[in-house]
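*Asks:* So the mapping is simple: our numbering equals the position in the sequence shown, first residue as 1, plus 328.
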Amino acid sequence: MILVTGGLGYIGSHTIIELIKNNYEVLVVDNLSNSKREVIDKLKKITGKEIPLYISDLCDKKALRQIFQDNKIDSVIHFAGFKAVGESVEKPLMYYRNNIDSTLTLLEVMEEFNCFNMIFSSSATVYGSPKSLPIKEDFPLSTTNPYGSTKLFIEQILKDLYVSNNKFNITILRYFNPIGADESGLLGEDPRGIPNNLMPYIVKVATGELETLSIFGDDYDTCDGTGVRDYIHVTDLARGHVLSLKNQHGLRIYNLGTGHGTSVLELVNTFEKVNNVKINKKIAPRRAGDIAECFASCDKAFKELGFKAEKTIEDMCRDSYNYVKNNK
Ligand code: NAD
Ligand code: UFG
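#1: For Asn-350 and Ser-384, which I take to be in contact (beta-carbon distance under 8 Å), what is that distance rounded to the nearest angstrom?
#2: In whole angstroms, what separates the C-alpha of Ile-428 from that of Asp-488?
#3: On a CA-only basis, which of Glu-632, Ala-637, Asp-627 and Leu-633 is nearest Val-562? Give me that one, please.
#4: Please classify Phe-623: does DSSP put it in a helix, a strand, or coil?
#5: Quick check: Thr-431 and Ile-482, are their CB atoms within less than 7 Å of each other?
#6: When you measure from the CB of Ile-581 to every non-hydrogen atom of ligand 2, does any distance come out below 6 Å?
#7: Taking the C-alpha atoms as reference points, what is the distance between Val-662 and Gly-578?
#8: Is any heavy atom in ligand 4 found nearer than 6 Å to the beta carbon of Phe-441?
#9: Does ligand 2 have a heavy atom nearer than 6 Å to the CB of Ala-629?
#10: Gly-337: which of Glu-539, Glu-378, Ile-405 and Val-454 sits nearest, CA to CA?
#11: Assuming Leu-584 and Ile-611 are in contact, meaning their beta carbons sit under 8 Å apart, how far apart are those beta carbons, in whole angstroms?
#12: Please report the distance separating the alpha-carbon of Tyr-423 from that of Pro-519.
#13: Between which residues of its own chain and Leu-386 is the CB-CB distance below 7 Å, once the five residues before and five after are set aside?
#14: Would Met-527 and Ile-498 qualify as a contact pair, given that the criterion is a beta-carbon distance under 7 Å?
#15: Taking 7 Å as the threshold (C-beta atoms), are Cys-645 and Phe-599 in contact?
#16: Assign Lys-532 to one of two classes, buried (16 or more other C-beta atoms within 10 Å of its C-beta) or exposed (fewer than that).
#17: For Lys-479 and chain C, any beta-carbon pair shorter than 7 Å?
#18: Compare the Cα-Cα distances from Leu-331 to each of Lys-400, Thr-471 and Glu-594 and report the closest residue.
#19: On the DSSP bridge assignment, give the partners of Ile-611 in chain order.
#20: Just the C-alpha distance for Ile-339 and Lys-370, rounded to the nearest angstrom, thanks.
#21: Are the CB atoms of Lys-479 and Ser-450 nearer to each other than 7 Å?
#22: Given the structure, does Thr-540 come close to ligand 2, in the sense that its CB is under 6 Å from one of the ligand's heavy atoms?
#23: Taking Ala-629 as the reference, which of Asn-655, Leu-501 and Lys-389 has the closest Cα?
#24: How far does the beta strand (DSSP E) with His-588 in it extend, from its first residue to its last?
#25: Using the C-alpha atoms, what's the distance from Cys-443 back to Leu-571?
#26: Quick one: does the C-beta of Leu-501 sit closer than 6 Å to a heavy atom of ligand 1?
#27: Got a sec: does ligand 1 put a non-hydrogen atom nearer than 6 Å to the Cβ of Lys-411?
#28: Do you know how far the Cα of Ala-412 is from the Cα of Gln-397?
#29: Any idea what DSSP makes of Asp-558, helix, strand or coil?
Structural data, given as structure tokens:
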């Protein structure tokens with residue numbers, strides 16, 4: 329049985345589909361702080377499986393113990409956490425409390441119940457401003473905001489835990505920029521309010537919910553002056569978790585990206601083309617804290633896990649829009 333924490337969220341829900349395709353049995357813990365209960369019904373519709381759901385906070389140790397007591401949990405995929413960079417600057421204590429406390433509580437309970445297999449959602453944000461590209465897993469680590477620091481601290485906690493007890497198998501996955509949605513159109517990402525991230529913003533301009541996309545800077549040293557990122561389809565990212573689960577041994581760290589950079593303008597142009605819509609846009613000043621360019625070296629994940637992203641930027645643009653259109 330695989331426990332998926334934060335399994336009603338964007339990446340967790342897509343990973344559950346891939347887990348079930350690979351015949352894993354899954355149960356979910358989520359406190360609905362950034363998701364909706366109806367996701368479980370959509371997962372049932374897509375997979376044909378009833379998935380046990382515990383609406384519970386991971387920081388609640390008593391409740392978590394009961395979940396481990398009632399189920400034979402072999403591995404945990406730990407997605408639960410807060411993830412908004414800007415909010416983390418305004419509310420650092422809330423981010424440290426939730427992300428770190430939930431992880432510590434989870435690890436303590438896992439150890440208590442002899443469950444030693446864990447996959448953790450880290451982020452390319454732990455590379456700070458990379459010294460060169462593509463980014464490799466052994467590059468120096470640093471962060472520029474409390475959200476990123478929670479990821480870095482949790483990585484350190486996991487490394488220390490492994491040293492203390494090498495019965496643990498721990499895989500740290502550093503995601504680059506996940507976008508896209510399940511091709512059913514039932515699951516995807518549609519944040520409330522004004523999105524911080526590029527793809528959700530583009531989609532809201534496409535649907536008319538927001539008027540104009542601000543492109544943060546066109547004077548970077550990149551192919552067209554706009555910021556470059558390594559966008560990866562969430563379904564590819566989800567497959568990366570299944571491959572990690574099948575190859576758990578000791579402490580491992582992998583980038584999950586495509587290895588290709590795409591600029592803001594390239595992404596917007598592709599979105600317009602595949603969806604046959606016009607995106608109003610204007611050039612705005614650079615956003616504080618942004619780096620010019622970021623993309624992964626994916627060699628390690630390919631060599632050790634056999635992971636290779638398959639979906640294109642076109643797929644990502646089509647599926648992101650499809651989900652929001654279907655769910656209006
Ligand atoms: P999400 O917000 O959609 O999903 C996280 C889920 O965790 C939500 O359903 C939320 O309700 C739940 N949750 C939060 N705190 C909890 C707690 N204390 N107890 C129980 N449930 C709790 O986020 P996502 O995009 O699916 O991201 C999943 C993980 O991947 C996060 O850890 C995030 O930091 C990391 N990550 C995301 C991105 C990205 O761009 N989406 C990039 C890199 C890393
Ligand atoms: N951008 C715009 N306009 C917008 C939003 C974004 O031009 O309205 C630009 C940014 O300047 C950047 C690119 O689009 O060049 C991508 O920005 P995102 O906010 O979508 O993604 P980031 O790479 O800045 O950050 C994301 C997550 C972080 C995570 C990081 C690395 O938000 O949590 O990827 O994984 F740490």
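Just so you know, even glycine gets a beta-carbon here, dropped at the ideal spot from N, CA and C.
Bear in mind that the values here come from a model prediction, so they are computed numbers and not experimental data.
*Replies:* According to the structure data:
#1: Not really, about 26 Å apart at Cβ, beyond 8 Å.
#2: Roughly 14 Å between the two C-alpha positions.
#3: Ala-637
#4: coil
#5: yes
#6: no
#7: No information on residue 662 is available, as it lies outside the stretch 329 to 656 that the chain covers here.
#8: This structure does not include ligand 4; its bound ligands are ligand 1 and ligand 2.
#9: False, no ligand heavy atom lies under 6 Å from that Cβ.
#10: Ile-405
#11: Leu-584 to Ile-611, Cβ: 31 Å. No contact.
#12: 18 Å
#13: Thr-333, Val-357, Leu-392, Ala-408, Ser-430, Thr-433 and Leu-434
#14: no
#15: Their beta carbons are under 7 Å apart, which means Phe-599 touches Cys-645 by this criterion.
#16: buried
#17: Of the chains in the structure shown, none is chain C; there is only one protein chain.
#18: Nearest Cα to Leu-331 within the set Lys-400, Thr-471 and Glu-594: Lys-400.
#19: Ile-543
#20: 14 Å
#21: yes
#22: no
#23: Per the Cα distances, Leu-501.
#24: Unbroken run through His-588: none, as it is neither H nor E.
#25: For the pair Leu-571 and Cys-443, the Cα-to-Cα distance works out to about 19 Å.
#26: Checking every heavy atom of ligand 1 against the Cβ of Leu-501, none is found closer than 6 Å.
#27: At a cut-off of 6 Å, the beta-carbon of Lys-411 counts as near ligand 1: some heavy atom of the ligand is closer than that.
#28: 33 Å
#29: coil
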